[in-house]
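In order, the protein sequences belong to chains A and B. For the first sequence, counting from 1, position 25 maps to 24 in numbering that gives the first Met the number 0; every step adds exactly one. For the second sequence, counting from 1, position 287 maps to 286 in numbering that gives the first Met the number 0; every step adds exactly one. Only one structure is covered here, and it is reproduced in the block below.
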Amino acid sequence: MSLRIVVTVKYVPDATGDRHFADDLTVDRDDVDGLLSELDEYAVEQALQISENSDDDVEVTVLTVGPEDAKDALRKALSMGADKAIHVEDDDLHGTDAIGTSLVLAKAVEKAGYDLVVSGMASTDGTMGVVPALLAERLGVPQVTLLSEVSVEGGTVKGRRDGDSATEQLQASLPAVVSVTDQSGEARYPSFKGIMAAKKKPVESWDLSDLDIDEDEVGLENAYTVVESAAERPARTAGTIVKDEGEGGKQLAEFLAGQKFI
Amino acid sequence: MAEVLVYVDHVDGAVRKPTLELLTLARRVGEPVAVALGAGAGDTAAALAEHGAVKVLTHEAAEYADYLVVPKVDALQAAVEAVSPAAVLVPSSAEGKEIAARLALRLGSGIITDAVDLESGDEGPVATQSVFAAAFTTKSRVSKGTPVITVKPNSAAVEPAPAAGAVEALSVTFSAAATGTKVTSRTPRESTGRPELTEAAIVVSGGRGVNGAENFAIIEALADSLGAAVGASRAAVDAGWYPHTNQVGQTGKSVSPQLYIASGISGAIQHRAGMQTSKTIVAINKDAEAPIFELVDYGVVGDLFDVVPQLTEEVKSRKG
Ligand SMILES: Cc1cc2nc3c(=O)[nH]c(=O)nc-3n(C[C@H](O)[C@H](O)[C@H](O)COP(=O)(O)OP(=O)(O)OC[C@H]3O[C@@H](n4cnc5c(N)ncnc54)[C@H](O)[C@@H]3O)c2cc1C
Ligand SMILES: Nc1ncnc2c1ncn2[C@@H]1O[C@H](COP(=O)(O)O)[C@@H](O)[C@H]1O
């Protein structure tokens, strides 16, 4: 038996940088360093663990849709231990929204061939947390999402989902789309050996024509939503800061009373 | 006036507060028609009518509890086909966003998630979002299909606005995908007796500075004196001091209370992402340089083990 896992990873602007918008109100990717979304490291980690715990012949492919620099994200995932990578890149993709991105990912996943897709819980820039559900809808396979624990055995995927009001155990047959949370377990650091090995691993590049996607199905012009304005939030007016000299708690209570909280 | 579908988040018929807030926002865009699914769906009608639902479409079936997400998408799609609404509003929980996304795809519509405000515009509803850890505020609208918008808790006031709230049975045919992901067991979260974190008017949070699970009693005591919910930073959660359900931040809950009190929390960008839209922010930290002080309306530089218990005592005595 063999198991083909595709991990979807996103290249995002560093959250600790000064993120802002470009003139066309898309995320500016020029001024802030990019990296593999930390939340997708958990997806790579779980895919590698599924591979290591399996008696089957498992192949882990990492897939990204993004600009030229997004190769850095693939390289990092390969150095963690993934086997190969696919980079979907096309000038017409600039400004594609979640609906469009899910189309590109779905076509790429189908072209690559898969039994299991593993995604992160949300991208750290858009933070929508909807792409895995959209991908499952497009592929017509079960969605087993937001898992803090995941296992695959004999064509079945199982996992634990910690929801708002309950913890659920989920189960579905492969093929399926899984997403994992940052509670699923720390992601490994690439070893020196892993970094060296990654340099020799194959990275395929596909564009829209490879995926039979029309340019009018993606991109900013064809997005399903329009950002009309983006304004920097006014800096909060400087607050009062006091040093505790033994009365700090009382002073704070006085402030809260003044604001009618007590 | 056009109708607006509102997806009802309820537990066995008890409507959760964010749904009532949605009804307030829905009334700005059209006439709210509520969709309530699963066990107890019919029991939601009174509360929904009191807050402005002109109609309540209900459907009870075991599938809603036994399988993940898709049965609810099927039902909402049936409701859209029955009503042809001007927009669909869904509470922004993790599940709500997944339901909304799949629905939008089926309808050929755009989706906006995590709106914090909604107004009507010439070309359909305009949603306000808070992005990049609340550093920016954007206004967006859906440009294709029926707008599907998820709205965060605490985005609007709950306002009574009595309406007919006539209950109608929704007819739903489940898709082949509906039974794809089985829920094999469900353990409901035990109630702490404190307000729900995302819905609370006051949140009291502790971080690494709390330094131990047992010390969280100090945070809880302050919370209880104020009738507040308890939150925690990821550092405190990862250390095993407090449950992950109480984590505030990018990968935890996003809160927007009237008052947020952070104790022993440095204010990392990922924590700010979940609390920066709080109306009033207060922090207690022994490091005057901690970034959390950039956000505060009032900050105390000091040891939380001195300041927090003194504050709790003072609150109690002032409340009598
Ligand atoms: C992808 C990603 C997602 C993340 N998601 C989240 C998230 O959802 N939520 C979140 O919180 N973090 C999140 N983080 C982690 C975040 O980056 C920080 O590491 C975390 O918020 C730090 O928690 P803290 O402020 O409690 O700890 P620290 O940064 O260690 O700060 C502790 C503070 O306590 C103060 N202190 C210590 N002792 C005392 C005392 N006796 N009295 C008063 N003050 C004291 C110290 O001065 C210090 O400022 C995420 C990180 C990543 C990469
Ligand atoms: N451009 C992309 N390329 C590859 N994977 C993506 C992309 N965008 C989103 N994803 C995947 O979808 C998950 C959720 O993203 P989102 O819905 O944008 O928050 C991420 O954690 C990734 O696994």
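Just so you know, even glycine gets a beta-carbon here, dropped at the ideal spot from N, CA and C.
In this structure, the alpha-carbon of residue 92(B) lies about 37 angstroms from that of residue 250(A). Across the segment 211 to 227 of chain A, CB contacts with chain B closer than 8 angstroms involve 222, 223, 224, 225, 226 and 227, in sequence order along the chain.
Residue 304(B) has its CB nearer than 7 angstroms to a heavy atom of ligand 1. In the DSSP assignment, residue 17(B) falls within the unbroken alpha helix (DSSP H) covering 16 to 28. Less than 8 angstroms separates the beta-carbon of residue 289(B) from that of residue 266(B). Annotated three-state conformation of residue 182(A) is coil, per DSSP. Of the candidates 69(B), 89(B), 126(B) and 124(B), 69(B) places its Cα closest to the Cα of residue 140(A). Think of a sphere of 9 angstroms around the beta carbon of residue 270(B): no beta carbon from chain A falls inside it, the nearest being about 11 angstroms out.
By the rule that beta-carbons nearer than 8 angstroms mark a contact, residue 97(A) touches chain B.
A distance criterion of 7 angstroms places the beta-carbon of residue 9(A) in contact range of ligand 2, judged by its closest non-hydrogen atom.
Taking each of 237(B), 229(B), 230(B) and 141(B) in turn and checking the Cα distance to residue 184(A), the smallest one comes out for 237(B). Taking a contact to require three or more Cβ pairs closer than 8 angstroms, the segment 73 to 81 of chain A and the segment 22 to 29 of chain A do not qualify as touching. The beta carbon of residue 187(A) sits no closer than 8 angstroms to any beta carbon of chain B. Residue 148(A): member of the beta strand (DSSP E) spanning 142 to 152, first to last residue. One alpha carbon belongs to residue 144(B), the other to residue 260(A), and they sit about 44 angstroms apart.
Boundaries of the alpha helix (DSSP H) around residue 49(B): 44 to 49. Under the Cβ criterion of 8 angstroms, residue 174(A) is not counted among the residues facing chain B.
Residue pairing by DSSP places residue 246(B) opposite 231(B) in a beta bridge. Taking non-hydrogen atoms of ligand 2 into account, the C-beta of residue 66(A) is found less than 7 angstroms away from none of them. Remark: the C-beta of residue 276(B) is outside contact range of ligand 1, defined as less than 7 angstroms to any heavy atom. For residue 118(A), none of the residues of chain B pass the 8 angstroms Cβ criterion, the least Cβ distance being about 12 angstroms. The DSSP-derived three-state label of residue 103(A) is helix.
Take residue 139(B), set aside five residues on each side of it, and the residues of its chain with a beta-carbon closer than 6 angstroms to its own are 111 and 126, in chain order. The beta carbon of residue 173(B) lies closer than 7 angstroms to those of 62, 70 and 73 in the same chain, with the five residues before and after it left out. When only Cα atoms are considered, residue 84(A) and residue 201(A) end up about 6 angstroms apart. In terms of side-chain proximity, the C-beta atom of residue 38(A) is found nearer than 7 angstroms to a non-hydrogen atom of ligand 1. Secondary structure note for residue 73(B): it is in no beta strand (DSSP E), and the uninterrupted alpha helix (DSSP H) holding it is 69 to 82. If you compare the alpha carbons of 15(B), 165(B) and 167(B) with that of residue 194(B), the shortest gap goes to 15(B).
About 6 angstroms separates the beta carbon of residue 88(B) from that of residue 148(B), a gap short enough to meet the 8 angstroms contact definition. For residue 45(A), the three-state secondary structure derived from DSSP is helix. Under the three-state reduction of DSSP, residue 278(B) is assigned to coil, being neither helix nor strand. The three-state reading of DSSP puts residue 184(B) in strand, counting E and B together.
The nearest non-hydrogen atom of ligand 2 is less than 7 angstroms from the C-beta of residue 118(A). In the three-state scheme derived from DSSP, where H, G and I count as helix and E and B as strand, residue 63(B) is classed as helix.
Identification of chain A residues near residue 20(B) by a Cβ-Cβ cut-off of 8 angstroms yields none; the smallest Cβ-Cβ distance measures about 16 angstroms. Residue 117(B) has a beta carbon lying at 8 angstroms or more from every beta carbon in chain A.
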